[in-house]
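Undergrad: Note that our numbering has the sequence shown beginning at 217, numbered continuously upward.
Quick one: the structure is below, and I'll ask about it shortly.
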Amino acid sequence: MRQCRERTAREGWTIAETYSDRTVSGASLIRSGIQSLLADAQAGRFDMVLCEALDRLSRDQEDVAGVFKRLSFAGVRIFTLSEGEINELHVGLKGTMNALFLKDLAIKTHRGIRGRVEAGKIGGGNAYGYRVVHQLDARGEPIRGEREIIAEQAEIVGVFFANMPPGKARDASPPTLTVTASPAPPANAGTTPP
């Protein structure tokens, strides 16, 4: 946002509002920031949107076209630091490029997770019964995917599986585990290196 504020100051533009969707995927329009931006555009609160690049509004090909259409209908122009004023050509070409980027990113992410699992590491976030092990390799880089068992929680996990009736879906039993066990780790707990 800093670069957008600097550009706004250079151009003498007035900032009506700032919108942000940090940590939420740009592949979806189910984001509070973009929804507020679209609602405020319809209400006539501003006549221009400035963002770093078109993919900051959306990386989904259909969604970026829809955002462009809705903003255009409201009389709102889109400017980006990297592309300038956005038109239909940008929407078509950059929308396609952004969609391809997301597809490629998904393939690479899946490949990376698979490689971790094949190396005997945990592929995702922290699971109940495990603690993240923070270690550095010889170069001082974090070693990712290492976990150690938490003995007290391992006992509870053992009881959980021992008491599961044959053929019963695992999803049907977690409320019992939640009531009898210590709470699950909070989201993203221990997933970052020290």
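Note that beta-carbon positions come from the ideal geometry of N, C-alpha and C, so glycine has one too.
Starting from Glu233, trace the beta strand (DSSP E) in both directions and tell me its first and last residue.
TA: From DSSP, Glu233 is part of no beta strand (DSSP E); its letter is neither H nor E.
Undergrad: Please confirm if the region 301-316 is in contact with the region 271-283, defined as three or more CB-CB distances below 8 Å between the two stretches.
TA: yes
Undergrad: For the region 287-299 and the region 250-262, state whether three or more C-beta atom pairs, one from each stretch, are separated by less than 8 Å.
TA: yes
Undergrad: If we count the other Cβ atoms within 10 Å of its Cβ and call it buried at 16 or more, is Thr421 buried or exposed?
TA: Because the chain spans 217 through 410 in this model, residue 421 falls outside it and cannot be assessed.
Undergrad: Just the C-alpha distance for Gln219 and Gly282, rounded to the nearest angstrom, thanks.
TA: 26 Å
Undergrad: Looking at the strands, I want to know which residues DSSP matches up with Ile372.
TA: Paired residue(s): none; Ile372 is not in a bridge.
Undergrad: For Ala225, decide whether its Cβ has a neighbour in chain C, counting only Cβ atoms nearer than 8 Å.
TA: Reference to chain C is not applicable here, since this structure consists of a single protein chain.
Undergrad: Report the rounded CA-to-CA distance for Gly339 versus Glu362, giving the unit in angstroms.
TA: 10 Å
Undergrad: Beta carbon of Val307: closer than 7 Å to some heavy atom of the ligand FMN?
TA: Among the ligands in the structure shown, none appear at all, so the ligand FMN cannot be discussed.
Undergrad: Helix, strand or coil, according to DSSP, for Leu273 in the structure here?
TA: In this structure, Leu273 counts as coil in the three-state DSSP scheme.
Undergrad: Just reading off the alpha helix (DSSP H) that Arg218 is part of, what are its end residues?
TA: Arg218 to Glu227
Undergrad: Please name the residue, chosen from Glu233, Asp271, Ile250 and Arg247, that lies closest to Phe193 on a Cα-to-Cα basis.
TA: Outside the shown range of the chain (217 to 410) lies residue 193, about which nothing can therefore be said.
Undergrad: Is Arg327 helix, strand or coil by DSSP?
TA: helix
Undergrad: If you compare alpha carbons, which of Leu321, Ala322, Leu253 and Leu266 is closest to Glu299?
TA: Leu266
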